[in-house]
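In mature numbering (1 follows the signal peptide of the UniProt record, and there is no 0), the protein residues as written are -23 to -1, 1 to 161.
Worksheet: the structure to be examined is printed underneath.
Laid out in structure tokens, this is it:
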């Protein structure tokens, strides 16, 4: 490339740079010296200096958009949260009788929506926590004593806080009683 072409490219780039830098200025002047060097300035030329005024088109600008505030949302009440995150005992049904046998029962829960990655379930047997919280929806209870038993399941967040609790389900276990013969 010739030096004249390089100077022209440089002057064009400089003009664009000057246009953006002086966008708020009212006038820009272009001056070519005796050696062909081009300079731009926002200062008017000195008397006797050969400089031409550069006319720039009006810049296309748009005012910044004001960010909108997040919509007001009332914190969900405990009742609303429980309605959204449901948990229930799917099996056994309420008032089920477990027939004669060793007192083994499988409890299955249904979570709606499905459990989140960090959520767990806690089974309660007669008001006491049974085992540790778990990610599974099934528990195997063995050797339940004869009589009525109340079951409930809680849905817990990652910190162990209750998100929802199922309705209580009552089951009845029938087991043979072993009577010791009385000695006389």
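Built from N, CA and C at the ideal position, the CB exists for glycine as well.
Using only the alpha-carbon positions, how far apart do residue 126 and residue 94 sit?
Between residue 126 and residue 94, the C-alpha separation is close to 31 Å.
Going by DSSP, what residues sit across from residue 68 in a beta bridge?
Beta-bridge annotation (DSSP): residue 68 is paired with 85.
Is there contact between the region 35 to 42 and the region 112 to 122, where contact requires at least three CB pairs shorter than 8 Å?
Judged by Cβ distances under 8 Å, the region 35 to 42 makes no contact with the region 112 to 122, as fewer than three pairs qualify.
Are there 16 or more other CB atoms within 10 angstroms of the CB of residue 135, so buried, or fewer, so exposed?
Flag for residue 135 reads exposed.
Three or more beta-carbon pairs under 8 Å between the region 67 to 81 and the region 89 to 107, yes or no?
Contact between the region 67 to 81 and the region 89 to 107 is not established, with fewer than three Cβ pairs separated by less than 8 Å.
Run through DSSP, which three-state label would residue 148 get?
Three-state DSSP puts residue 148 in a strand.
For residue 16, collect the residues of the same chain with a Cβ closer than 6 Å to its Cβ; drop the 5 residues on either side in sequence, then sort them by chain order.
Same-chain partners within the cutoff: 8.
Answer yes if the region 94 to 110 comes into contact with the region 133 to 147, meaning at least three C-beta pairs across the two stretches below 8 Å, and no otherwise.
Yes, the region 133 to 147 is in contact with the region 94 to 110.
Contact belief for residue 5 with residue 33 at Cβ below 8 Å, rounded distance in angstroms:
Between residue 33 and residue 5 the Cβ distance is about 7 Å, and since that is below 8 Å, they are a contact.
Anticipated Cβ contact below 8 Å, residue 147 with residue 62, distance rounded
With a Cβ gap of about 24 Å, residue 147 and residue 62 do not count as contacting.
With a CB to CB cut of under 8 Å and the five nearest residues on each side skipped, what residues in its chain are close to residue 27?
Taken in chain order, the residues that qualify are 8, 9.
Hey, quick one: how far does the beta strand (DSSP E) through residue 126 stretch, first residue to last?
Note, residue 126: beta strand (DSSP E), 124 to 133.
Using the beta-carbon count (16 or more within 10 Å), is residue 117 buried or exposed?
Classification of residue 117: exposed, given that the 10 Å Cβ count is below 16.
Extent of the continuous beta strand (DSSP E) to which residue 139 belongs:
Looking at the DSSP string, the run of the beta strand (DSSP E) that includes residue 139 is 139 to 142.
Please state the DSSP three-state secondary structure of residue 42.
Look at residue 42 here: in three-state DSSP terms it is coil, with no helix or strand label.
What is the DSSP secondary structure of residue 162, reduced to helix, strand or coil?
The structure shown does not extend to residue 162, since the chain is modelled only from -23 through 161, so no value can be given for it.
Would you identify the three-state DSSP class for residue 61, choosing helix, strand or coil?
In the displayed model, residue 61 falls within a helix according to three-state DSSP.
Spatial neighbours of residue 103 within its chain, please: C-beta separation below 6 Å, excluding the five flanking residues on both sides.
Correct list, in chain order: 126, 127.
Neighbour-count burial assignment, residue 129, 16 or more Cβ in a 10 Å radius:
By the 10 Å Cβ count, residue 129 comes out buried.
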